[in-house]
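The structure under discussion appears below in the form of structure tokens.
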Amino acid sequence: LVIGHRGACAFRPEHTLASYARAIADGADWIEPDLVVTKDGVLVVRHENEIGRTTNVAGHPEFAGRRTTRTIDGRCVTGWFTEDFTLAELKTLRAVERLGAARPESQAHAGRFPIVTFEEVLDFAGAEAAARGRGIGVVPELKHSTYFAGIGLPLEDRFLAVLGAHPYARTHPIEVQSFEIANLHRGG
5 LVIGHRGACA FRPEHTLASY ARAIADGADW IEPDLVVTKD GVLVVRHENE
55 IGRTTNVAGH PEFAGRRTTR TIDGRCVTGW FTEDFTLAEL KTLRAVERLG
105 AARPESQAHA GRFPIVTFEE VLDFAGAEAA ARGRGIGVVP ELKHSTYFAG
155 IGLPLEDRFL AVLGAHPYAR THPIEVQSFE IANLHRGG
């Protein structure tokens with residue numbers, strides 16, 4: 005099986021529908037979205053909850069005051085965090101290439117694509133599967149579950165609610181991953 009990890013991030017900014025589309029067009033059987041949560045409890049697709057390197061947030065003066073330092077999984081991180089933004093605010097941002105010159109084709113598309121929700125990824129996988137006549141598996145990764153639970157924004161119930169409500173998730177392969185173990189046992 006071929007998994008489009010973060011999509012085809014060498015060609016389009018990671019975790020965008022364009023990146024997943026390119027991965028599927030190139031033959032990916034599965035796509036892998038990383039999940040974090042917003043201030044208003046929506047699961048969005050970003051590599052980390054710190055979004056300074058993967059979005060154009062630094063260029064938005066209205067959000068300058070939200071730059072802060074947090075301890076995430078034992079590491080001090082400075083930047084802007086999804087949990088400080090509503091979904092509507094995140095939708096004003098655009099994805100950028102975090103590895104710059106190492107991914108020139110992707111970097112050429114920086115600023116073109118919005119932040120997407122987990123539901124939008126499932127909708128997209130469903131549309132791609134229908135258009136291509138084959139299932140597209142989804143491998144969501146729950147990021148920083150203990151951290152999010154500690155600030156009152158646990159991921160697991162939100163994640164299970166999206167899966168339970170989404171027709172594509174009820175009929176096509178979903179494989180859940182996490183660097184933590186307790187959240188995977190809890191969800192069972």
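Numbering (my numbering), first residue to last: 5 to 192.
Quick reminder that beta carbons are idealized off the backbone N, C-alpha and C, glycines included.
Check, Outcome
"Between which residues of its own chain and Gly31 is the CB-CB distance below 7 Å, once the five residues before and five after are set aside?", "Val6"
"Hey, how far is the Cα of His189 from the Cα of Glu93?", "33 Å"
"Alpha carbons only, please: which of Ile178, Leu97, Leu159, Phe183 is nearest the one belonging to Val61?", "Leu97"
"Going by DSSP, name the residue or residues bridged to Ala135.", "Its beta-bridge partners do not exist; DSSP assigns none."
"By a C-beta neighbour count over all protein chains shown, 10 Å radius and 16 as the cutoff for buried, is Asp38 buried or exposed?", "buried"
"May I have the straight-line CA-CA distance separating Asp44 from Ser149, to the nearest angstrom?", "16 Å"
"Decide if Ile119 is buried, meaning its Cβ has at least 16 other Cβ atoms within 10 Å, or exposed.", "buried"
"Is the separation between the beta-carbon of Thr73 and that of Cys80 shorter than 8 Å?", "yes"
"Ala129 and Val142: beta carbons closer than 8 Å?", "yes"
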